[in-house]
Structures are given as C-alpha cells and as structure tokens.
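*Asks:*
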Amino acid sequence: MIWAPLVLDQSITDCQYHTSFFSDHRYMLLKFHLGDVFACGPGVWKFNTSLLYSPQYCALVRSFWAFWKTEESSSTFSSSLDWWDQGKFFLREITRCFGRGRAAERSRTKLDLERQLKRLPCLFDASDSSAFSQLCAVQEELHAIHLHEAKASQVRARCRWAEEGETSSFFFLSLEKKRRAKQAITSIRDPDTGLIHHDPFKILATWRSYYQRLFTAEDCDRSEQDIMLGRLTRRLSKPEVDSCEGELLEPECRAALHGMSCGKTLGSDGFPMEFFISFWALLGPDLVRILNLAYRTGHLSTSQRQGIIIVLYKKDDRLETKNYRPISLLNVDYKIATRAISGRLLGVIDSIVGYDQTCGIPGRTISENLMLIPDLIEYADRADIPLAILSLDQEKAFDRVDWSFLQCILVTFGFGDSFRQ
Numbered sequence: 001m002i003w004a005p006l007v008l009d010q011s012i013t014d015c016q017y018h019t020s021f022f023s024d025h026r027y028m029l030l031k032f033h034l035g036d037v038f039a040c041g042p043g044v045w046k047f048n049t050s051l052l053y054s055p056q057y058c059a060l061v062r063s064f065w066a067f068w069k070t071e072e073s074s075s076t077f078s079s080s081l082d083w084w085d086q087g088k089f090f091l092r093e094i095t096r097c098f099g100r101g102r103a104a105e106r107s108r109t110k111l112d113l114e115r116q117l118k119r120l121p122c123l124f125d126a127s128d129s130s131a132f133s134q135l136c137a138v139q140e141e142l143h144a145i146h147l148h149e150a151k152a153s154q155v156r157a158r159c160r161w162a163e164e165g166e167t168s169s170f171f172f173l174s175l176e177k178k179r180r181a182k183q184a185i186t187s188i189r190d191p192d193t194g195l196i197h198h199d200p201f202k203i204l205a206t207w208r209s210y211y212q213r214l215f216t217a218e219d220c221d222r223s224e225q226d227i228m229l230g231r232l233t234r235r236l237s238k239p240e241v242d243s244c245e246g247e248l249l250e251p252e253c254r255a256a257l258h259g260m261s262c263g264k265t266l267g268s269d270g271f272p273m274e275f276f277i278s279f280w281a282l283l284g285p286d287l288v289r290i291l292n293l294a295y296r297t298g299h300l301s302t303s304q305r306q307g308i309i310i311v312l313y314k315k316d317d318r319l320e321t322k323n324y325r326p327i328s329l330l331n332v333d334y335k336i337a338t339r340a341i342s343g344r345l346l347g348v349i350d351s352i353v354g355y356d357q358t359c360g361i362p363g364r365t366i367s368e369n370l371m372l373i374p375d376l377i378e379y380a381d382r383a384d385i386p387l388a389i390l391s392l393d394q395e396k397a398f399d400r401v402d403w404s405f406l407q408c409i410l411v412t413f414g415f416g417d418s419f420r421q
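Following the UniProt record's numbering, the numbering of the sequence shown begins with 1 at its first residue and continues without gaps.
Below, the structure is given as structure tokens:
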C-alpha cells in the first residue's frame with residue numbers, strides 16, 4: 001500500500017512493478033508530472049572526469065590534437081589564440097559525442113539486464129543451478145551500474161563523504177535538487193524602485209543593473225591617492241623585481257595547475273583541472289606558448305576572457321541584492337596563468353606587506369592578530385598611551401578594486417613593466 005497526498009493523485013502518469021536486484025521484494029516505480037515550477041536555462045556543459053579512465057577516449061584526444069597542431073598555420077584562423085579556442089571547442093564536441101555513445105551503451109546494457117532480471121526467476125529449477133548462477137551474475141552487473149549512477153549523483157550533489165558501495169541514489173538526487181533549489185532565485189527586489197520581480201527576465205535585468213553599477217569605477221581624488229601612496233615606504237629589491245619579470249615558463253605553469261583543487265565549479269568551456277593534468281604533456285607546451293603570445297599581443301583569447309558570474313546567498317533577506325556574493329567562474333587555462341603570476345608575487349610579498357596584515361597572505365592566520373590585540377591593549381595601559389581599535393568593513397570590497405589604483409600600487413612597490421602588464 002502506498003500513502004501519498006491527494007494533491008499528487010492527479011499527477012501520477014505511470015505505475016510499474018519491477019524485480020529488485022538487491023532484495024527478494026519487488027519495487028513500485030511511480031512517475032509524476034508536476035509541471036514547470038520555475039523556468040531555468042539550459043545550463044553549462046561540464047566534462048565528465050570518469051572519461052579520463054577510458055583508454056579509447058584518451059587515444060581519441062591524443063589523435064585529434066596531433067592533427068590539430070598541423071592546422072595552426074592554416075589561413076582559417078585569425079591568430080594562434082583563435083586556433084586554441086577552436087581546438088577546445090572541437091575537444092568539447094568530441095567529448096560530448098563519446099560520452100553520449102557511452103551513456104547510450106550503458107543504458108542499453110541496463111535495460112537488457114533488467115529484462116533478464118524479470119525473466120530469470122521464472123526459469124528456476126531445483127535440479128538446475130545455472131539459472132540461479134545467471135541471476136546472481138545479472139544482479140552483480142546491475143549493482144555495478146547503480147553504483148556508477150549513485151557516484152554520479154554524489155558528484156552533482158557535492159557530497160563530500162559517502163560509504164564505500166553506497167547506492168542511495170535517491171538520497172543523493174535529493175541533495176542535488178536541494179542544492180539547485182537553494183541556488184535558484186525566484187524573486188528579487190529592485191533596489192531602485194523597491195518592486196519585487198518574479199519574472200525571470202526582470203530578475204536578470206535587476207541583477208545586470210546592480211552589478212553594472214557595482215563594477216563601474218567611481219571617481220577618485222588623485223591628489224589624496226598620491227598622498228596616501230607616498231606614505232608607503234616598502235620597495236622591492238632589484239633581484240626581487242627581476243624574479244617577477246619575464247614570460248611564463250612551463251614548470252611554473254605546471255606547478256600552478258597541480259596546485260589547484262579538484263572538483264571545483266567549472267568555467268564556460270567546461271574543462272576541469274583534471275583534464276589538463278591528464279593531458280599536460282600533450283597540451284601544456286601549446287598552452288604556455290599561447291599564454292605568452294597573449295602577453296605579447298596585449299590580450300587573451302576570447303574564451304580566456306570569458307567568465308560565468310553566479311550569485312550565492314549569504315544571509316538575511318533573500319530579496320535584497322546586497323545579500324548575495326558574486327563569484328566569477330573562470331576557465332582553467334586562464335587560471336593557470338593567474339596562479340603562475342600569483343606564484344611569483346608570493347615569493348616577494350613578505351617584502352612589501354607587513355607581518356601584522358594576516359588577511360590574504362598564505363602562511364599567516366587571523367589568530368596571530370587575535371593574540372596581538374590583547375598585547376597592544378596591555379602595552380597601552382602600562383605606557384598610558386591613548387588607544388583606539390577600529391573595526392572597518394567595506395561593502396563589496398573585492399568587487400570595488402579599481403584597475404588604475406592597482407597599477408599605481410604596483411608602481412609604488414617597484415614592480416617592473418612585465419609583471420604589471
């Protein structure tokens with residue numbers, strides 16, 4: 001007997017009984033049609049990292065790229081940057097085609113096994129154990145397929161921990177749906193008019209207007225800026241400046257790639273760091289060459305200049321745009337360049353950033369300042385020195401970084417032309 005709310009009664013479209021591969025009970029499969037609750041876009045393609053364990057797929061990628069390198073000098077491309085972007089596009093299409101074929105084959109295998117699972121119990125004979133052995137084999141194969149499906153659901157649900165062999169697909173699918181529901185923004189208040197919008201196009205227009213204002217540089221008093229920068233006394237030494245200069249090298253790009261974390265949300269091209277690690281010997285030299293070409297020409301390739309901006313809810317009223325944090329999802333080939341440049345900066349940052357600044361500096365923690373503050377208070381009391389502690393928080397500080405001010409900071413600290421470019 002199935003107990004369900006009456007509201008779902010009219011939504012049931014199909015009801016079937018199936019033989020279970022993990023129990024001697026049959027299970028009921030109900031199909032519902034609940035309608036569209038909120039219209040969403042098509043989403044973004046993401047690379048399935050399980051393909052990296054397929055020898056056939058890896059051979060396909062290597063074969064294509066060997067051919068693609070011979071096409072770089074073709075008049076078809078406006079530049080090598082365009083050639084790189086087109087190569088990634090074809091790699092994506094090859095991957096999608098291979099993945100669809102593999103998924104279709106797995107689906108056919110699963111359907112055939114389920115048919116056998118329905119048929120085999122009817123063939124049991126006490127004097128013949130072959131049917132029972134065949135049934136056990138079918139159940140094991142189906143179990144392996146369900147494990148694969150559960151693993152895929154775990155990845156999409158961003159589940160960090162799971163029992164080995166756990167096949168609770170429904171649980172992980174529920175987590176996946178819950179995660180999507182939390183990210184969905186079904187209404188927002190326009191900060192200009194105060195109106196609450198529910199229409200997806202008006203919601204997008206509200207966000208576009210909000211971030212257009214946020215990302216637009218504000219007027220700056222240059223004379224006050226010069227006075228403030230003139231108080232900075234720290235400067236890089238000549239060897240430190242030289243260590244930050246020059247084109248990117250293959251070893252530092254490889255180190256930047258291996259320093260990335262697995263399982264991060266992907267950029268617009270859909271390729272994760274695992275893909276580049278697996279094929280670094282094949283793609284790495286070309287990527288380093290492309291990045292240095294972008295440095296010389298003054299602009300990156302089109303895909304390397306693209307990002308997907310998502311907004312994550314922080315706290316308080318969900319209708320307020322200020323209560324969301326924007327995150328730019330960037331492509332891995334671009335992030336390799338930024339991490340390599342950051343690696344050079346980390347080598348000299350102790351020379352220009354005081355030890356009492358613990359935010360954003362690897363190896364330093366806020367607990368150092370938590371211990372420093374009581375010492376400062378005690379010292380001020382003993383020395384009878386006036387003391388004030390200010391806690392300042394600039395709204396959307398990272399989103400308000402001005403490029404011209406950043407360049408002035410780098411010049412003041414003594415960074416060379418190559419690093420600043």
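Note that CB positions come from ideal geometry on N, CA and C, so glycine has one too.
Please report the straight-line C-alpha distance between residue 215 and residue 105, rounded to a whole angstrom.
*Replies:* Numbered from 1 along the sequence shown, position 215 holds the residue referred to as residue 215. Numbered from 1 along the sequence shown, position 105 holds the residue referred to as residue 105. For residue 215 and residue 105, the distance between alpha carbons rounds to 48 Å.
*Asks:* Using a Cβ-Cβ cutoff of less than 8 Å, which residues in the same chain neighbour residue 408 once the five nearest sequence positions on both sides are dropped?
*Replies:* Within the sequence shown, the letter at position 408 stands for residue 408. 225 and 229, listed in sequence order.
*Asks:* Mapping DSSP to helix, strand and coil, what is residue 355?
*Replies:* Position 355 of the sequence shown, counted from the first residue, corresponds to residue 355. Coil.
*Asks:* Buried or exposed: residue 15, going by 16 or more other Cβ atoms within 10 Å of its Cβ?
*Replies:* For the purposes of this step, residue 15 is identified with residue 15 of the sequence shown, where counting begins at 1. So residue 15 counts as exposed.
*Asks:* Under the DSSP definition of a beta bridge, which residues are partnered with residue 32?
*Replies:* Translated into the one-based positions of the sequence shown, residue 32 becomes position 32. Answer is 12.
*Asks:* For residue 84, which residues from the same chain have a beta carbon less than 6 Å from its beta carbon, with the 5 sequence-adjacent residues on both sides left out?
*Replies:* On the sequence shown, position 84 is the one that residue 84 refers to. Only 290 and 301 meet the Cβ criterion.
*Asks:* Given this structure, state the Cα-to-Cα distance separating residue 13 from residue 114, to the nearest angstrom.
*Replies:* Counted from its first residue, the sequence shown places residue 13 at position 13. Counted from its first residue, the sequence shown places residue 114 at position 114. Between residue 13 and residue 114, the C-alpha separation is close to 21 Å.
*Asks:* Can you name the residues that DSSP bridges to residue 115?
*Replies:* If you number the sequence shown from 1, residue 115 lands on position 115. Beta-bridge pairing links residue 115 to no other residue.
*Asks:* Considering residue 254, what are the terminal residues of the alpha helix (DSSP H) in which it resides?
*Replies:* On the sequence shown, residue 254 is found 254 positions in, with the first residue counted as 1. Residues 250-258.
*Asks:* Hey, residue 187 and residue 197: beta-carbon distance below 8 Å or not?
*Replies:* Within the sequence shown, numbered from 1, the residue matching residue 187 stands at position 187. Within the sequence shown, numbered from 1, the residue matching residue 197 stands at position 197. Yes, the pair counts as a contact, with Cβ atoms nearer than the cut-off.
*Asks:* For residue 143, decide whether its Cβ has a neighbour in chain C, counting only Cβ atoms nearer than 8 Å.
*Replies:* In the structure shown, chain C does not exist; there is a single protein chain.
*Asks:* State the Cα-Cα distance for the pair residue 100 and residue 59, rounded to the nearest angstrom.
*Replies:* Your numbering for residue 100 matches position 100 in the sequence shown. Your numbering for residue 59 matches position 59 in the sequence shown. Each residue's Cα considered, the two are about 17 Å apart.
*Asks:* What does the alpha-carbon distance come out to for the pair residue 411 and residue 283?
*Replies:* In the sequence shown, the residue the question calls residue 411 occupies position 411. In the sequence shown, the residue the question calls residue 283 occupies position 283. Cα-Cα distance, rounded: 35 Å.
*Asks:* Would a C-beta distance cut-off of 8 Å place residue 270 and residue 92 closer than the cut-off?
*Replies:* Residue 270 sits at position 270 when you count from the first residue of the sequence shown. Residue 92 sits at position 92 when you count from the first residue of the sequence shown. It is a contact, given that the beta carbons lie within the stated cut-off.
*Asks:* Do residue 422 and residue 307 have their C-beta atoms closer together than 8 Å?
*Replies:* Because the chain spans 1 through 421 in this model, residue 422 falls outside it and cannot be assessed.
*Asks:* To the nearest whole angstrom, what separates the beta carbons of residue 321 and residue 207, a pair I think is in contact under 8 Å?
*Replies:* Indexing the sequence shown from 1 puts residue 321 at position 321. Indexing the sequence shown from 1 puts residue 207 at position 207. Sure, about 7 Å apart at Cβ, within 8 Å.
*Asks:* Select from 355, 342, 285 and 314 the residue whose C-alpha is nearest the C-alpha of residue 65.
*Replies:* Within the sequence shown, numbered from 1, the residue matching residue 65 stands at position 65. Of the listed residues, the one whose Cα sits closest to residue 65 is 285.
*Asks:* Considering only the alpha carbon of each residue, which of 220, 132, 28 and 236 lies closest to residue 350?
*Replies:* The residue labelled residue 350 in the question sits at position 350 within the sequence shown. Closest by alpha carbon: 236.
*Asks:* What residues in its chain sit with their C-beta under 6 Å from that of residue 294, if we drop five residues either side in the sequence?
*Replies:* Your numbering for residue 294 matches position 294 in the sequence shown. So the list reads 300, once near-sequence residues are dropped.
*Asks:* How is residue 296 classed by DSSP in three states: helix, strand or coil?
*Replies:* For the purposes of this step, residue 296 is identified with residue 296 of the sequence shown, where counting begins at 1. Correct three-state label for residue 296: helix.
*Asks:* Taking DSSP as the reference, what is the three-state secondary structure of residue 405?
*Replies:* Position 405 of the sequence shown, counted from the start, is the residue given in the question as residue 405. Helix.
*Asks:* Apart from the five residues just before and just after residue 433, which ones in its own chain have a Cβ nearer than 8 Å to its Cβ?
*Replies:* Lying before the first or after the last residue shown, residue 433 is absent from the chain, which here runs from 1 to 421.
*Asks:* What are the partner residues of residue 326, as DSSP defines its beta bridges?
*Replies:* Position 326 of the sequence shown, counted from the start, is the residue given in the question as residue 326. For residue 326, which the question treats as bridged, DSSP gives the partners 311.
*Asks:* May I ask you to report which of helix, strand or coil DSSP gives residue 198?
*Replies:* To locate residue 198, count along the sequence shown from 1; it is residue 198. Residue state, collapsed to three classes: coil.
*Asks:* Taking 8 Å as the limit between beta carbons, can you name the residues of its chain near residue 275, skipping five residues before and five after?
*Replies:* As a position in the sequence shown, residue 275 is number 275, starting the count at 1. Closer than 8 Å at the Cβ level, and outside the excluded window around residue 275, lie 47, 49, 52 and 332.
*Asks:* Could you check what DSSP says for residue 188 in three-state terms: helix, strand or coil?
*Replies:* The sequence position of residue 188 within the sequence shown is 188, counting from 1. Looking at residue 188 - three-state DSSP - the assignment turns out to be strand.
*Asks:* Excluding sequence positions up to five away, which residues of its chain have a Cβ less than 8 Å from the Cβ of residue 346?
*Replies:* Within the sequence shown, residue 346 is the residue found at index 346, counting from 1. Closer than 8 Å at the Cβ level, and outside the excluded window around residue 346, lie 362.
*Asks:* Quick check on DSSP: helix, strand or coil for residue 102?
*Replies:* As a position in the sequence shown, residue 102 is number 102, starting the count at 1. Note: residue 102 maps to helix in three-state DSSP.
*Asks:* Just tell me which of 310, 415, 219 and 68 has its CA closest to the CA of residue 239.
*Replies:* The residue given as residue 239 occupies position 239 in the sequence shown. The shortest Cα separation from residue 239 among 310, 415, 219 and 68 belongs to 415.
*Asks:* Using a threshold of 8 Å, state whether the C-beta atoms of residue 268 and residue 88 are closer than that.
*Replies:* For the purposes of this step, residue 268 is taken as the residue at position 268 of the sequence shown. For the purposes of this step, residue 88 is taken as the residue at position 88 of the sequence shown. The answer is no: Cβ separation not under 8 Å.
*Asks:* Can you give the Cα-Cα distance for residue 110 and residue 212, rounded to whole angstroms?
*Replies:* One-based indexing of the sequence shown puts residue 110 at position 110. One-based indexing of the sequence shown puts residue 212 at position 212. Looking at the two C-alpha atoms, the distance is approximately 50 Å.
*Asks:* Determine the extent of the alpha helix (DSSP H) in which residue 230 is found, giving its start and end residues.
*Replies:* The count along the sequence shown starts at 1 and reaches residue 230 at position 230. Run containing residue 230: 222-230, per the alpha helix (DSSP H) assignment.
*Asks:* DSSP on residue 318, reduced to helix/strand/coil?
*Replies:* Here the question's residue 318 lines up with position 318 in the sequence shown. Coil at residue 318, not helix or strand.
*Asks:* How many angstroms separate the CA atom of residue 130 from the CA atom of residue 97?
*Replies:* Here the question's residue 130 lines up with position 130 in the sequence shown. Here the question's residue 97 lines up with position 97 in the sequence shown. Each residue's Cα considered, the two are about 39 Å apart.
*Asks:* Find out if the Cβ-Cβ distance for the pair residue 339, residue 256 is shorter than 8 Å.
*Replies:* Against the sequence shown, residue 339 aligns to sequence position 339. Against the sequence shown, residue 256 aligns to sequence position 256. Yes. Within cutoff.
*Asks:* Less than 8 Å between the C-beta atoms of residue 387 and residue 372, yes or no?
*Replies:* As a first step, residue 387 must be located in the sequence shown, where it is residue number 387. As a first step, residue 372 must be located in the sequence shown, where it is residue number 372. Cβ distance not < 8 Å, so residue 387 and residue 372 don't count as in contact.
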